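Please read the structure below before turning to the comments.
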Ligand SMILES: [Cu+2]
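Residue numbers (my numbering): 17 to 709.
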């Protein structure tokens, strides 16, 4: 270990090294490879107060804490010790000082291997990183690994995610948030960037735009609901399929599609699950709540009415079984899994077709909906299919995306705190009354806690759908939307380009395993005027790349797009105003599948994953990223559970990898996930399924 070479290395030397690396190009071995970028890594240099130079004591909360320099070191004479007792809130850490001469300099796009020797009597520790944004200063970046209890000195190592743009320095350290003693020593940080392989794409436009194929077999059901199952198949639910004749006849449909064989298995469907809510339970079964009790009466005496019934679909048997009833009817309810595995449901229309303000909670452990008096009630009407996204602190973000008409009162977006039972308006959503059938998505990685809301119209006023997008950072103390880039304009059915003010409703977004967000589908007006346009949104730069290949089939109302385990995107549905339903299945092959051999996950030591654990996998080629992507459960452009959770890596000398699983279930609610690895060219593996509990 180079113990002192960087102690005097100020910004100037680091800048020279960085410049040298730039001149050599990223493809060259970085000039400082192998050098330890940590200043005073062995903690041997002490300041006037006897604390290690370039290190600081940080943290918040109650309890008592003692920082000390101990001579029971791993190497040399000093180590840092933090002893914590009687803590109920907060955390403590010894961090690198956030100043230009102490914080390690980094290059955006590179990855770094971090190491630290430690002993710990507490399981409540986490290696935490902060980044310096050249525009906005120091900010929390991400948690990287939980350190297991260790009685003797143990080395923890983790590879950072790719350094985000506009980052010039990072700091990191080990946080302790429970009772115990943590001792650390001999920190290390090395640039681990591997040269990118050459571009081998020979597929012409598909190299940059991807390509679409319309499958030779039709969808057997008018599916407006699509749920990816942990056996890799897709549950397509129609119920009556928005067909009043089928409803009258009691003809309800669903089918399970096998992407491997292109075959469909019809599933007996006991109720009209048209316009129900749905979400995967922690054990991989699918909970379905509500649906259609009645279509509007011909005499106008009532509108759509919501069922209060609920069913569970089991992928092992391809069958529905009835669960107990909810407290209220819900037609177009939301369904969000919470960190404890319970499901919370909001909104929709009741059995008498009025709006439901009854919040419902399904206890996954009790396998039952909870009685009304056991559920906090805000008595707030969140609307129809309100997009409710779980935040890392357990609160819910209502993004403003919804179905039918105007936004909610106030700013049109809010945060609901279930425990405190408070609803707080969130400012900044543009044109909240034209976000009908917009799309919201938690951007990759979930650790960044940023949500993108895009497009939308209004089926009542039927104004042109807009191009507006809004982005929010939910880590902020008082989160507020800010305008994002405009959705690229597309082409209307008559071949005319959209005007500069025309955008889309019925937008779909799909989180891809390379960390990009594919945007497709949409129309200018209520069930009319499809827009041909697809783009790629990059969360690292908040920009759209327009001109992706477009689906040969128009996809508007009641369409859905979602990620298949093999890394392709499946698209179904379209239900225009004439009442027809498109039965074609389209598959999008993203550009990354034209760029050479895919890395393969050759082994997953254990497919049952626990929070805060480290999971061993083997791969057949060097990789730069690994993540969990939650399988889709989408309807009406809405999948509030869609998320991409980074798995910081520890790479061993034999090429095998340990993946560090977040300790926070709110970042990755329990259930089955698709595990992907991605190589330096951005090419992902096929997913392996893991069960996080
Ligand atoms: Cu609908």
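Glycine residues also receive a C-beta, built at the ideal position from the N, C-alpha and C atoms.
Just so you know, these numbers come straight off a predicted model, no measurement behind them.
When the Cα of residue i is compared with those of the options, which residue comes out closest?
{"i": "residue 109", "options": "338, 140 and 115", "result": "140"}
{"i": "residue 277", "options": "690, 233 and 73", "result": "233"}
{"i": "residue 704", "options": "296, 318 and 580", "result": "580"}
{"i": "residue 621", "options": "707, 652 and 426", "result": "707"}
{"i": "residue 324", "options": "338, 315, 334 and 305", "result": "305"}
{"i": "residue 239", "options": "274, 206 and 289", "result": "289"}
{"i": "residue 327", "options": "66, 639, 321 and 297", "result": "297"}
{"i": "residue 586", "options": "172, 208, 170 and 231", "result": "231"}
{"i": "residue 67", "options": "271, 463 and 85", "result": "85"}
{"i": "residue 556", "options": "384, 138, 531 and 472", "result": "531"}
{"i": "residue 170", "options": "176, 202 and 146", "result": "202"}
{"i": "residue 444", "options": "319, 499 and 465", "result": "499"}
{"i": "residue 561", "options": "642, 568 and 551", "result": "551"}
{"i": "residue 447", "options": "482, 418 and 465", "result": "482"}
{"i": "residue 244", "options": "685, 301 and 397", "result": "301"}
{"i": "residue 494", "options": "441, 471, 455 and 515", "result": "441"}
{"i": "residue 479", "options": "520, 460, 487 and 87", "result": "520"}
{"i": "residue 101", "options": "138, 91, 124 and 701", "result": "138"}
{"i": "residue 262", "options": "308, 149, 527 and 174", "result": "308"}
{"i": "residue 558", "options": "437, 488 and 116", "result": "488"}
{"i": "residue 183", "options": "126, 563, 617 and 604", "result": "126"}
{"i": "residue 501", "options": "525, 470 and 529", "result": "470"}
{"i": "residue 601", "options": "381, 653, 568 and 573", "result": "568"}
{"i": "residue 56", "options": "105, 588, 132 and 664", "result": "132"}
According to DSSP, residue i sits in a beta bridge with which residue or residues?
{"i": "residue 393", "result": "Paired residue(s): none; residue 393 is not in a bridge."}
{"i": "residue 617", "result": "635"}
{"i": "residue 604", "result": "228 and 585"}
{"i": "residue 385", "result": "378"}
{"i": "residue 413", "result": "405 and 431"}
{"i": "residue 109", "result": "74 and 191"}
{"i": "residue 98", "result": "83 and 198"}
{"i": "residue 577", "result": "587"}
{"i": "residue 139", "result": "Note: residue 139 sits in no beta bridge, so no partner."}
{"i": "residue 156", "result": "146"}
{"i": "residue 371", "result": "365"}
{"i": "residue 400", "result": "None; residue 400 has no bridge partner."}
{"i": "residue 238", "result": "Answer by DSSP bridge pairing: none, since residue 238 is not bridged."}
{"i": "residue 91", "result": "None, per the DSSP bridge assignment."}
{"i": "residue 121", "result": "185"}
{"i": "residue 171", "result": "133"}
{"i": "residue 128", "result": "207"}
{"i": "residue 707", "result": "624 and 688"}
{"i": "residue 161", "result": "143"}
{"i": "residue 62", "result": "68"}
{"i": "residue 166", "result": "136"}
{"i": "residue 308", "result": "322"}
Just checking residue i against ligand 3 - is the residue's beta carbon closer than 8 angstroms to any of the ligand's heavy atoms?
{"i": "residue 586", "result": "The model depicted lacks ligand 3 and carries ligand 1 instead."}
When the cut-off is 9 angstroms and only beta carbons count, does residue i lie next to chain B?
{"i": "residue 397", "result": "Among the chains of the structure shown, chain B does not appear; only one protein chain is present."}
- Task: Answer yes if the stretch 223-232 comes into contact with the stretch 145-162, meaning at least three C-beta pairs across the two stretches below 8 angstroms, and no otherwise.
- Result: no
- For the stretch 630-704, list the alpha helix (DSSP H) runs that are entirely contained and at least 4 residues long, ordered along the chain. none
- Touching by the beta-carbon criterion (3+ pairs, under 8 angstroms), the stretch 583-595 and the stretch 503-521: no
- Given 8 angstroms, three or more beta-carbon pairs between the stretch 603-613 and the stretch 689-703: yes
- Query: Given 8 angstroms as the limit, is there contact between the stretch 421-431 and the stretch 620-629, that is, 3 or more CB pairs closer than that?
  - Reply: no
- Message: Could you check whether the stretch 538-547 touches the stretch 194-201, counting it as contact only if at least three pairs of C-beta atoms, one from each stretch, sit closer than 8 angstroms?
- Response: no
- Output the residue ranges of the alpha helix (DSSP H) runs that lie fully inside the stretch 242-306 and measure 4 residues or longer, sorted by chain position. 260-265
- Message: Would the stretch 546-560 count as touching the stretch 664-674 if we require 3 or more Cβ pairs under 8 angstroms?
- Response: no
- Could you give the uninterrupted runs of the beta strand (DSSP E) lying entirely in the stretch 419-496, keeping only those of 3 residues or more? 430-433, 438-441, 455-458, 466-470 and 485-489
- What are the complete alpha helix (DSSP H) segments, minimum 4 residues, inside the stretch 310-362? none
- Task: Any chance you could list the beta strand (DSSP E) runs of at least 3 consecutive residues sitting entirely within the stretch 497-572, in chain order?
- Result: 524-527, 533-536, 539-541, 544-548, 551-554 and 559-561
- Task: Check whether the stretch 115-124 touches the stretch 88-96, taking contact to mean three or more Cβ pairs, one atom from each stretch, closer than 8 angstroms.
- Result: no
- Message: Quick test of the definition: if touching needs 3 or more C-beta pairs under 8 angstroms, does the stretch 149-160 touch the stretch 70-82?
- Response: no
- Can at least three beta-carbon pairs, one atom from the stretch 567-578 and one from the stretch 186-193, be found at a separation below 8 angstroms? no
- Task: Determine contact between the stretch 402-411 and the stretch 355-367, defined as no fewer than three beta-carbon pairs at a distance below 8 angstroms.
- Result: yes
- Query: Is there contact here, the stretch 340-354 with the stretch 369-383, by at least three beta-carbon pairs under 8 angstroms?
  - Reply: yes
- Decide yes or no for the touch test of the stretch 266-274 against the stretch 245-255: beta carbon pairs closer than 8 angstroms, at least 3 of them. yes
- Item | Touch test, the stretch 455-464 against the stretch 407-424, Cβ-Cβ under 8 angstroms, three pairs minimum | yes
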